[in-house]
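As they're listed, the protein sequences go chains A and B. Going by the working numbering, 77 is the number at position 86 of the first sequence; the sequence numbering is gapless. Going by the working numbering, 308 is the number at position 79 of the second sequence; the sequence numbering is gapless. What follows is one structure encoded as C-alpha cells, with my remarks underneath.
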Amino acid sequence: KAGVTQTPRYLIKTRGQQVTLSCSPISGHRSVSWYQQTPGQGLQFLFEYFSETQRNKGNFPGRFSGRQFSNSRSEMNVSTLELGDSALYLCASSFSGVSYNEQFFGPGTRLTVL
Amino acid sequence: DQQVKQNSPSLSVQEGRISILNCDYTNSMFDYFLWYKKYPAEGPTFLISISSIKDKNEDGRFTVFLNKSAKHLSLHIVPSQPGDSAVYFCAASASYGSAGGTSYGKLTFGQGTILTVHP
Chain A
-8 KAGVTQTPRY
2 LIKTRGQQVT
12 LSCSPISGHR
22 SVSWYQQTPG
32 QGLQFLFEYF
42 SETQRNKGNF
52 PGRFSGRQFS
62 NSRSEMNVST
72 LELGDSALYL
82 CASSFSGVSY
92 NEQFFGPGTR
102 LTVL
Chain B
230 DQQVKQNSPS
240 LSVQEGRISI
250 LNCDYTNSMF
260 DYFLWYKKYP
270 AEGPTFLISI
280 SSIKDKNEDG
290 RFTVFLNKSA
300 KHLSLHIVPS
310 QPGDSAVYFC
320 AASASYGSAG
330 GTSYGKLTFG
340 QGTILTVHP
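Here it is, written out as C-alpha cells:
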C-alpha cells in the first residue's frame, strides 16, 4: 500500500507571495491533518479535514487555509507569506479520525520564505 | 502552555541495553497516546500507541506504559539498536466535537527526545 505523498518536497518563496501544498492520503483513509514543524515551536497542528469538511483547527492566522476533495486528497494554502512561515509542513492521514486511529505522516514539504 | 512535555532533550544508550523515553501531559481529556520516530527532513514514523483504557501495550521491541494518575507515559525499547537513533516524539489526542463530527484528528506533540544508541 502506498504511503502518504506530499508535493512539492521543497519550495522557495518570497515574502508576500502565496503557496499551495498538496497531500495524497493512504488509499482508504478519509481524514487528513496538517502540521507545521519549526525549530522553535516544534510540531503544531494546523487543521483536519474529513469528507471535505474541516473538523478541527489549530491556532494559526487566517492566512493558513485548506480544503479536501472528494477523493480525500487535501491542499493547504498560505497567503501573504511571512519569514516566520518557513517550516516543514507535514500532512498525516488516518482511516476516519473518529476513534483511536494512528496517523501516518508524509515526508513533508520544506518551505523557505526569503 | 505546553500540554505534552518531554523533559529530556537527549538520551544516550549502549547497544543492547534498554532505552526509556518519558513523556508527561497535563490535559486530563487526552485519552489516546502515540509514539513516533523521526529522522531529519522526513515525516514522523508511527511506532506504537495506547488508549487510556490500557496501561501497557507491546509491539516487538517497543513497549509503552501509561500511568493515568500521574499523567505520565514512557516508551521502552529493548534491546536498543544503533538504527534506533533518531528523534522520538510522544503525542496525545482527545475527542473533539464539531459540526463536522467527532474527531481525534488533532495530535498534540511533545518537543522530542534525541536518542543515540552507541555500538
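Every residue gets a Cβ at the ideal spot worked out from N, C-alpha and C, and that includes glycine.
Which same chain residues end up closer than 8 Å to residue i when comparing Cβ atoms and leaving out the 5 residues on each side of it in sequence?
i                : result
GLN27 (chain A)  : LEU34, GLN35, LEU37, PHE51, ALA78, LEU79, TYR80, LEU81
SER70 (chain A)  : GLN9, ARG54, SER56
LYS4 (chain A)   : VAL10, LEU72, LEU102, THR103, VAL104, LEU105
ILE247 (chain B) : HIS305, ILE306, VAL307, PRO308, SER309
In terms of alpha-carbon separation, which member of the options lies closest to residue i?
i                : options                      : result
TYR1 (chain A)   : B:ALA270, B:LEU336, B:SER303 : B:ALA270
SER84 (chain A)  : B:SER314, B:GLY312, B:LYS335 : B:LYS335
LYS297 (chain B) : B:THR345, B:GLN243, B:ASN256 : B:ASN256
ASP313 (chain B) : B:PHE291, B:ILE279, B:ASP253 : B:PHE291
PRO359 (chain B) : B:ILE279, B:SER237, B:HIS347 : Chain B is shown only over 230 to 348; residue 359 (chain B) falls outside these bounds and no answer can be derived.
TYR317 (chain B) : B:GLY341, B:GLY326, B:LEU263 : B:GLY341
ASN92 (chain A)  : B:SER241, B:PHE262, B:MET258 : B:PHE262
ARG6 (chain A)   : A:PHE96, A:GLY49, A:LEU74    : A:LEU74
Please indicate yes or no: does the CB of residue i lie closer than 8 Å to some heavy atom of the ligand ADP?
i                : result
PHE291 (chain B) : This structure does not include the ligand ADP; it has no bound ligands of any sort.
Can you tell me where the beta strand (DSSP E) holding residue i begins and where it ends?
i                : result
VAL307 (chain B) : Counting along the chain, VAL307 (chain B) falls outside any beta strand (DSSP E), and DSSP gives it neither H nor E.
ASP288 (chain B) : 285 to 288
THR5 (chain A)   : That residue, THR5 (chain A), is in no beta strand (DSSP E); it is neither H nor E in DSSP.
TYR261 (chain B) : 261 to 267
SER15 (chain A)  : 10 to 15
GLY75 (chain A)  : That residue, GLY75 (chain A), is in no beta strand (DSSP E); it is neither H nor E in DSSP.
ILE214 (chain B) : Because chain B spans 230 through 348 in this model, residue 214 (chain B) falls outside it and cannot be assessed.
PHE51 (chain A)  : Taken as a continuous stretch (DSSP letters only), PHE51 (chain A) belongs to no beta strand (DSSP E), as it is neither H nor E.
ASN92 (chain A)  : No beta strand (DSSP E) contains ASN92 (chain A), which DSSP labels as neither H nor E.
LEU240 (chain B) : 239 to 243
SER322 (chain B) : 315 to 322
Could you give the distance in angstroms between the alpha-carbon of residue i and the alpha-carbon of residue j?
i                : j                 : result
THR274 (chain B) : ARG21 (chain A)   : 19 Å
SER324 (chain B) : ILE249 (chain B)  : 28 Å
SER281 (chain B) : HIS301 (chain B)  : 11 Å
GLY31 (chain A)  : CYS14 (chain A)   : 24 Å
TYR254 (chain B) : ASN68 (chain A)   : 31 Å
LEU12 (chain A)  : ASN62 (chain A)   : 16 Å
PRO98 (chain A)  : VAL(-5) (chain A) : 8 Å
GLU287 (chain B) : ASP76 (chain A)   : 38 Å
THR100 (chain A) : MET258 (chain B)  : 31 Å
LYS267 (chain B) : ASN251 (chain B)  : 16 Å
Run the CB neighbour count on residue i, radius 10 Å, all protein chains shown included, and call it buried at 16 or more, exposed below.
i                 : result
LEU16 (chain A)   : Checking the sequence, you will find Pro at residue 16 (chain A) rather than Leu. That one is buried.
ALA299 (chain B)  : exposed
ARG46 (chain A)   : buried
GLN(-3) (chain A) : buried
GLN94 (chain A)   : buried
GLN243 (chain B)  : exposed
GLY272 (chain B)  : buried
GLY339 (chain B)  : buried
Note down, in chain order, each residue of its chain lying with its Cβ closer than 6 Å to the Cβ of residue i, except the 5 sequence neighbours on either side.
i                : result
PHE294 (chain B) : LYS285, SER303
THR337 (chain B) : GLN232, VAL233, ALA321
SER239 (chain B) : ILE343
SER237 (chain B) : THR342
GLY245 (chain B) : PRO308
PHE86 (chain A)  : HIS20, ASN92
SER332 (chain B) : TYR325
LYS48 (chain A)  : PHE38
Grab me the residues of residue i's own chain with a C-beta within less than 7 Å of its C-beta, minus the 5 sequence neighbours each way, in chain order.
i                : result
GLN59 (chain A)  : VAL23, TYR40, GLU43, SER65
THR29 (chain A)  : ALA78
ASP260 (chain B) : SER280, SER281, ALA323
Measuring only between beta-carbons, confirm whether residue i sits less than 9 Å from chain D.
i                : result
THR342 (chain B) : Of the protein chains in the structure, A and B, none is chain D.
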